[in-house]
Amino acid sequence: MEQRINTEVWKALIRAFLPFKGRDVISILDFTREDLEELFERADYFLEHRRSYRLLEDYVVALAFFEPSTRTRLSFETAAKLLGAKVIGFTSEEGISIAKGESLADTIRMLDAYADIIVIRHRYEGAALFAAEIAESPVINAGDGKQHHPTQAMLDLYTIRKLYGSIDGLVYGVVGDLRYGRAASSFIYGLTLFKPKKVYLISPPLLRARPEVLEVLKERGIPFEEVTKVDEVVEEVDVLYVTRIQKERFPDPLEYERVKGSYRITIELLKRGKEHLRVLHPLPKVDEIEPAVDTSKYAAYFTQARFGVPVRMALLILIAGVEP
Amino acid sequence: MEQRINTEVWKALIRAFLPFKGRDVISILDFTREDLEELFERADYFLEHRRSYRLLEDYVVALAFFEPSTRTRLSFETAAKLLGAKVIGFTSEEGISIAKGESLADTIRMLDAYADIIVIRHRYEGAALFAAEIAESPVINAGDGKQHHPTQAMLDLYTIRKLYGSIDGLVYGVVGDLRYGRAASSFIYGLTLFKPKKVYLISPPLLRARPEVLEVLKERGIPFEEVTKVDEVVEEVDVLYVTRIQKERFPDPLEYERVKGSYRITIELLKRGKEHLRVLHPLPKVDEIEPAVDTSKYAAYFTQARFGVPVRMALLILIAGVEP
Amino acid sequence: MEQRINTEVWKALIRAFLPFKGRDVISILDFTREDLEELFERADYFLEHRRSYRLLEDYVVALAFFEPSTRTRLSFETAAKLLGAKVIGFTSEEGISIAKGESLADTIRMLDAYADIIVIRHRYEGAALFAAEIAESPVINAGDGKQHHPTQAMLDLYTIRKLYGSIDGLVYGVVGDLRYGRAASSFIYGLTLFKPKKVYLISPPLLRARPEVLEVLKERGIPFEEVTKVDEVVEEVDVLYVTRIQKERFPDPLEYERVKGSYRITIELLKRGKEHLRVLHPLPKVDEIEPAVDTSKYAAYFTQARFGVPVRMALLILIAGVEP
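Chains as they are written, first to last, in my numbering: chain V, 1 to 324; chain L, 1 to 324; chain Y, 1 to 324.
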């Protein structure tokens, strides 16, 4: 196990020193802090100059969503189209040849034949890396398996930088399903590229962060602590990164009902926190955040969603090797 | 009930005096006759100059079809793309995060974050208005609930203007399901912005026009009469606006079979009418019109469908505040 | 039967002498050798100059996929978008008005109202011809029924021309389901426009080529032979065109299992063939080709898939009557 982790981190480190142009985007660990700063600078530009461009007009971008997604897909589509790219693709496995028994490898080869950049979403761990090994065109992981959703982490980190001016020196609380939620794991991995003051991992015992995630936190010397209740740490954190706890994760529905309340974010809870405390969420949310929070000063998640477009525009141009 | 109706009409009246640019399009009652004439003028232009434009090249248009649609969706897509807009969206609820339990409000907020104009189709009454209240971007109702489908009414009225030179002074027969069919209600509402000589509401007793629709006809002084058979009035009408009667509306299938025949439009029936009598239909049709009518001089519905593109192009540029 | 065949061939011959511009593309038999050479020349251009164009920027192309498809749909979409066309459409019958009982004729009329070129895929034989008779816009058959998939044949023939310099004078083996597979029939029809040295039709007795296909081979004087095993002819052929044999074609699953092995293409088998022997396949494939073939010199099918884009770009500009 340990061996496998280190190999993965090692591979990510190697990828992290490649030039941006033409690079595959598999894990947020593939990037250095400098990479992300380069990215954020372009995102700032596109946030300020929201209009259409012809930068990618000779590019075909394939959106290969083997698993449904709304936000990630629509923001990638918006980003690619605003850059002038031609966008093709599919939004679920149904109706594509996978249904006829075609191998994933063959489907990827087809996309590679038509597209210059492939954006892939897949429920299986490692699908994006597998695609990248087959395709000549760069592959962007739009979420696969339980750990990696690198472009989500990019926009999460970008949001914090916009809100606080810096990602360093803050206290973070990451709440919810840290075991199966790929957004949470990716966000934690992303934090390890910076210098957070402390990271609280807040989850029910059943949904604790994966050993490989803890391993990376340790290796990179990030102060962290696992706790089981939000209200233990709400006064200390600057950022609460909340994720959904799915009922289906619990063998016993009663156990889920019992646990749910402790992870619900309410106005009352947030009022006990710091003045500048803000809540992030990769969305969609169901009832893990009280609706009253939506219209309060605490809610940063709608702004966060909005940043999906400039951040993904920035990523696409860097991979294409063009500048606005 | 009465109160609610008047409030709705009142709100629509207020919206009707807003400038076109940036306006939400919820009900055809939101518009004045002058608004529609402004719209028809632009539609004339696009009908005559069918080509692509860059007028909306910096615009992202979201087509949010929570309920399936072919004609409305494809003609909006054609219109937006011919204007140079970037189009994103979805064509059914499946596969979007609504399926994961996301609230409609959150889905709208997401679309608002990515798009500059939101086109929404939803089975629930009031969904478009709800969306408009949440979104900063203008919202266009592409059909919701049982009453409102304003862009359909726009192209219906435009078709009549092209066929007869004027919408005023004609005798109209509106046939079919006037209770649950949103196209029929919207068309009747649309007529109240003009001066029809008379409007016949032709339907089985079970599917009579809704009280709120009759209320608006009365308030605006439009002469109308409810009848149950097309052949009672076929000699008098200038325009027959036909809609589908769905079997499912009848508790007893036998009742449906018995009723169906009286609402079927045949060549024989039409020959009894005026020389210039024309049949409109929002489409799709099933068997409520005899196939022989399709290729006769009476059929105006294919032309009507064709006008969906220039009328929707006109609406989009007026909302964006640009001119060809 | 004979009569019907001749009428079809006759109609195709007539279509084959029409100018390219505005032409319907129903069967590969609609084309002359000269037509295809004209097409291949443009495909060469687009293969060499892969970039976006504005040639079709005033065109709306409808992709009407009543039956799912991945490769054909995505390569048409890529081709149309790289030419600057606006692309609209649907990817299955679900969710379009066909589901509400609309006739195919009405659906085609709608597409005709919005689009300048209609690309249609349908499971029923003759659907594309039917559409062409109704629509004013040119119709391209993207596969219908069991015999016709003309654009697949175009790219197949183009691939052979690129591999061997010429389509004439070679020995072909067409393997698999020659009865129900439209790609196989279209490929054989396509070969009859050239001068193959010999065509082997290799299939289980149950899945032999259709009488109408054999009729065309005879009429056009193409030397051919029906055989039941690949290894009988592997040493003689220059090109193996392999297609999938679907389990569902066999009334008895045991019969399928027994037959399957004889049609599986392995490296061992191919090594017995000529030095320059190459394998084509319309894809998707399941297990009819041993995976080791994929990365061998024998595999031409991924290149073949790649050629779908330039060949379809060439076809679209010839139909639109524009030149790069």
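Glycine included, every Cβ here is placed at the ideal spot set by N, Cα and C.
Can you pull the chain V residues whose beta carbon is under 9 angstroms from the beta carbon of G321/L, in chain order? Taking the second sequence and counting its residues from 1, the one referred to as residue 321/L is at position 321. Neighbours of G321/L on chain V: none; closest Cβ ~16 angstroms, over 9 angstroms.
Quick one, are the C-beta atoms of V199/V and V233/V less than 8 angstroms apart? Counted from its first residue, the first sequence places residue 199/V at position 199. Counted from its first residue, the first sequence places residue 233/V at position 233. For V199/V and V233/V, no; Cβs fall outside 8 angstroms.
Could you pull the start and end residues of the beta strand (DSSP E) that D35/Y belongs to? By 1-based counting over the third sequence, the position of residue 35/Y is 35. Taken as a continuous stretch (DSSP letters only), D35/Y belongs to no beta strand (DSSP E), being part of the alpha helix (DSSP H) at 33-48.
Can you grab the Cα-Cα spacing for the pair Q3/V / G126/V, in whole Å? For the purposes of this step, residue 3/V is identified with residue 3 of the first sequence, where counting begins at 1. For the purposes of this step, residue 126/V is identified with residue 126 of the first sequence, where counting begins at 1. With a pLDDT of 47 at Q3/V, under the threshold of 50, the predicted position of this residue should be treated as unreliable, though the coordinate-derived value follows. Between Q3/V and G126/V, the C-alpha separation is close to 17 angstroms.
Closer than 8 angstroms to chain L by CB, V309/V: Walking along the first sequence from the start, residue 309/V turns up at place 309. So yes, V309/V belongs to the interface.
Establish whether the CB of L206/Y and some CB of chain V are separated by less than 8 angstroms. On the third sequence, position 206 is the one that residue 206/Y refers to. For L206/Y, the answer is no, since every Cβ of chain V falls outside 8 angstroms of its Cβ.
Can you give me the Cβ contacts of R210/V inside the same chain, cut-off strictly under 8 angstroms, excluding the 5 residues immediately before and after it? One-based indexing of the first sequence puts residue 210/V at position 210. Hits under 8 angstroms: K146, Q147, L178, R179, S185.
Span separating the alpha-carbon of S75/V from that of I118/V: To locate residue 75/V, count along the first sequence from 1; it is residue 75. To locate residue 118/V, count along the first sequence from 1; it is residue 118. Distance between the alpha carbons of S75/V and I118/V: 15 angstroms.
Would you list, in chain order, the members of the segment 96-120 of chain L that have their beta-carbon closer than 7 angstroms to a beta-carbon of chain V? I96, S97, K100, G101, E102, D106, R109, M110, A113, Y114
Contact set between the segment 251-269 of chain V and chain Y, restricted to residues whose Cβ is under 9 angstroms from the partner: none
Would you verify that the beta carbon of S52/L is, or is not, closer than 8 angstroms to some beta carbon of chain Y? Counting from 1 along the second sequence, the entry for residue 52/L is found at position 52. So, interface residue.
For A142/V, name the three-state secondary structure that DSSP assigns. Position 142 of the first sequence, counted from the start, is the residue given in the question as residue 142/V. Looking at A142/V - three-state DSSP - the assignment turns out to be strand.
Please classify V259/L: does DSSP put it in a helix, a strand, or coil? One-based indexing of the second sequence puts residue 259/L at position 259. In the structure shown, V259/L sits in a helix (DSSP, three-state: H, G or I).
E290/Y and R272/Y closer than 8 angstroms at C-beta: Taking the third sequence and counting its residues from 1, the one referred to as residue 290/Y is at position 290. Taking the third sequence and counting its residues from 1, the one referred to as residue 272/Y is at position 272. Against a cut-off of 8 angstroms, the Cβ pair of R272/Y and E290/Y comes out as no contact.
Counting pairs of beta carbons, one from the segment 25-43 of chain V and one from the segment 152-162 of chain V, are three or more of them closer than 8 angstroms? yes
Strictly below 8 angstroms CB to CB, what residues from chain V border V60/L? Here residue 60/L is taken as the residue at index 60 of the second sequence, counted from 1. Correct list: T78, K81, L82.
8 angstroms Cβ cutoff, K274/L in contact with chain V: Working through the second sequence from its first residue, we reach residue 274/L at position 274. It does not; no Cβ of chain V falls within 8 angstroms.
So, does the segment 244-260 of chain L touch the segment 279-290 of chain L, judging by three or more C-beta pairs under 8 angstroms? yes
Within the same chain, show all residues whose beta-carbon is closer than 6 angstroms to that of G321/Y, passing over the 5 residues directly before and after it, in chain order. Stepping through the third sequence from its first residue, residue 321/Y is reached at position 321. Result list for G321/Y: K21, in chain order.
When we look at the beta-carbon of P251/L and count the other beta-carbons within 10 Å, is it buried (16 or more) or exposed? Mapped onto the second sequence, residue 251/L falls at position 251. P251/L comes out exposed.
Contact set for Y172/V: own chain, Cβ-Cβ below 6 angstroms, skip 5 residues either direction: Start at 1 with the first residue of the first sequence, and residue 172/V comes out as number 172. Excluding residues within five positions, the ones whose Cβ falls inside 6 angstroms are P196, V199, V239.
Mind pulling the chain V residues with CB within less than 8 angstroms of I88/L? Reading the second sequence from its first residue, position 88 is the one you call residue 88/L. By Cβ distance, chain V contributes L74, E77, T78, K81.
DSSP three-state assignment for F96/V, whether helix, strand or coil: Looking up residue 96/V in the first sequence gives position 96. In the sequence as displayed, the identity of residue 96/V is Ile instead of Phe. Coil, per DSSP.
Proximity of R109/L and I88/L at Cβ, strictly below 8 angstroms: Walking along the second sequence from the start, residue 109/L turns up at place 109. Walking along the second sequence from the start, residue 88/L turns up at place 88. No, Cβ-Cβ distance for R109/L and I88/L is not below 8 angstroms.
Helix, strand or coil, according to DSSP, for A128/V in the structure here? Mapped onto the first sequence, residue 128/V falls at position 128. Note: A128/V maps to helix in three-state DSSP.
Within 8 angstroms, strictly: CB atoms of A153/L and Y189/L: On the second sequence, position 153 is the one that residue 153/L refers to. On the second sequence, position 189 is the one that residue 189/L refers to. Yes, they are a contact pair.
Own chain residues within Cβ distance below 6 angstroms of G181/Y, not counting five before or after: On the third sequence, position 181 is the one that residue 181/Y refers to. Cβ neighbours of G181/Y beyond the five flanking positions: T243.
Cutoff 8 angstroms; reference Y269/V; Cβ partners in own chain excluding five residues on either side: Reading the first sequence from its first residue, position 269 is the one you call residue 269/V. Note on residue identity: the sequence assigns Leu, not Tyr, to residue 269/V. So the list reads V230, D231, V234, once near-sequence residues are dropped.
Residue range of the beta strand (DSSP E) that R249/Y falls in? Translated into positions along the third sequence, residue 249/Y becomes position 249. Taken as a continuous stretch (DSSP letters only), R249/Y belongs to no beta strand (DSSP E), as it is neither H nor E.
Please classify P19/V as buried or exposed, where buried requires at least 16 other C-beta atoms within 10 Å of its C-beta. Stepping through the first sequence from its first residue, residue 19/V is reached at position 19. Exposed, by the Cβ-count rule.
What residues in its chain sit with their C-beta under 7 angstroms from that of K274/L, if we drop five residues either side in the sequence? In the second sequence, the residue the question calls residue 274/L occupies position 274. These residues qualify, in order along the chain: D238.
Tell me the residue span of the beta strand (DSSP E) that contains F194/Y. Here residue 194/Y corresponds to residue number 194 of the third sequence, with the count starting at 1. That residue, F194/Y, is in no beta strand (DSSP E); it is neither H nor E in DSSP.
Can you tell me whether K86/V is helix, strand or coil according to DSSP? Indexing the first sequence from 1 puts residue 86/V at position 86. Looking at K86/V - three-state DSSP - the assignment turns out to be strand.
Going by DSSP, what residue range makes up the alpha helix (DSSP H) through F302/L? Position 302 of the second sequence, counted from the start, is the residue given in the question as residue 302/L. Per DSSP, F302/L belongs to the alpha helix (DSSP H) from 301-306.
V286/V versus D106/L, T295/L, A79/L, residue with shortest Cα-Cα distance: Reading the first sequence from its first residue, position 286 is the one you call residue 286/V. Here the closest residue by C-alpha is D106/L.
Between P284/L and chain Y, is any beta-carbon pair separated by less than 8 angstroms? Here the question's residue 284/L lines up with position 284 in the second sequence. By this cut-off, P284/L is an interface position.
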